[in-house]
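In terms of our numbering, the sequence shown is residues 1383 to 1650. Even for Gly, the Cβ is constructed at its ideal location relative to N, Cα and C. What follows is one structure encoded as structure tokens, with my remarks underneath.
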Amino acid sequence: MSVSPIHTRIWLEEPEADNPFATRAAHCHGYDVYGQMLGRARWADMVYLLFRGEAPSARQAQLFDALAVALANPGPRDPAVHAAMCGGVGGSTAAASLIAALAVGAGQSGGAREVFLAMRDWADCGTALSAWQRRIAQPPVLPDDVWPVQEHPAGFDPNGLRTPTVVMQTLAALASLSTGACLPWLSQHLAELEAAAGLPLSMTGVAAAALVDLGFGPEEGEMLHLLLRLPGSAVHALEQWRYGFKRFPFYPVELQDDPAHPTSQEAA
């Protein structure tokens, strides 16, 4: 009987001598995960190694950790977290609540696809202000793209009035940790970029710059943005599952033509 091996450059498993289906040792890009990394490596080290194929430097791991903290919980007003909360309060399974968060948080208005687009802009424009001004004025249209045409420059908030304090704090903290070019340049030229966009910087814009400085490509950044924001979705879904629908923390919905509350004309 011929056996087709599993081909992957990421993971190598060595079987136990008495059971070919049990793992004796597992190597991630050459590193012994359970024999050497476990108890020594941080979560950021493992995720970086999985995606990049090499261990991060101390500064890269610190930057990645800081980015993970910044993205861990977008808050209950974020559409992805709100979707998970709706799943939790409705009694959905854990997987269904997280899938709801992933689906809603995948888009190109504050979601992972916007991070992809912003990282593509970094790849095309680098740290040339004139290139950024042209890109902001006329985002590219991909003829074979399944996504809708961009409605605003990637990395900027179409509903914002000014850059939120938490975005500025995140940019300052990550720029101080980065050994790359994007975050420091973004911090230095933020006013010119916001003037060109006519919009304030968003958290997706900061995340995109950080992921580029860490060496990730747009496709990897899109995946990581989805992954790093899941903890907040999970805990808010669990909280609403415990509270129940009567304590759902949002404004009441006022229905037009609500039969329970007829207008004065209808009552007359």
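At the level of alpha carbons, what is the spacing between L1610 and P1641?
44 Å
Quick check on the DSSP output: the beta strand (DSSP E) that includes L1524 runs from which residue to which?
Looking at the DSSP string, L1524 is not in any beta strand (DSSP E), and its letter there is neither H nor E.
Which class does H1665 belong to by DSSP, given the choice of helix, strand or coil?
Only positions 1383 to 1650 of the chain appear in this structure, which leaves residue 1665 out of reach.
On a CA-only basis, which of L1445, H1411 and A1423 is nearest L1432? Give me that one, please.
H1411
Using the Cα positions of L1543 and L1583, report the straight-line distance between them to the nearest angstrom.
10 Å
May I ask you to report which of helix, strand or coil DSSP gives D1447?
helix
Are there 16 or more other CB atoms within 10 angstroms of the CB of A1649, so buried, or fewer, so exposed?
Interpretation of A1649 is limited by its pLDDT of 47, a score under 50 that renders its predicted location unreliable; no figure is taken from the coordinates.
Quick check on R1406: does DSSP put it in helix, strand or coil?
strand
Separation of E1398 from V1528, as counted between CA atoms:
46 Å
P1364 versus V1451: straight-line alpha-carbon distance, rounded:
Only positions 1383 to 1650 of the chain appear in this structure, which leaves residue 1364 out of reach.
For G1325, which option in L1453, P1566, E1496 and R1629 has the closest C-alpha, if you only look at C-alpha atoms?
Within the shown structure, residues of the chain are numbered from 1383 to 1650, placing residue 1325 beyond reach of any answer.
When you compare only the Cα positions, how much space is there between M1383 and A1477?
Any reading at M1383 must be qualified, since the residue scores a pLDDT of 40, below 50, and its modelled position is unreliable; the value itself is stated next. Their backbone Cα atoms lie some 38 Å apart in a straight line.
Within 10 angstroms of its Cβ, does L1420 collect 16 or more other Cβ (buried), or is it exposed?
exposed
Helix, strand or coil at W1514 [DSSP, three-state]:
helix
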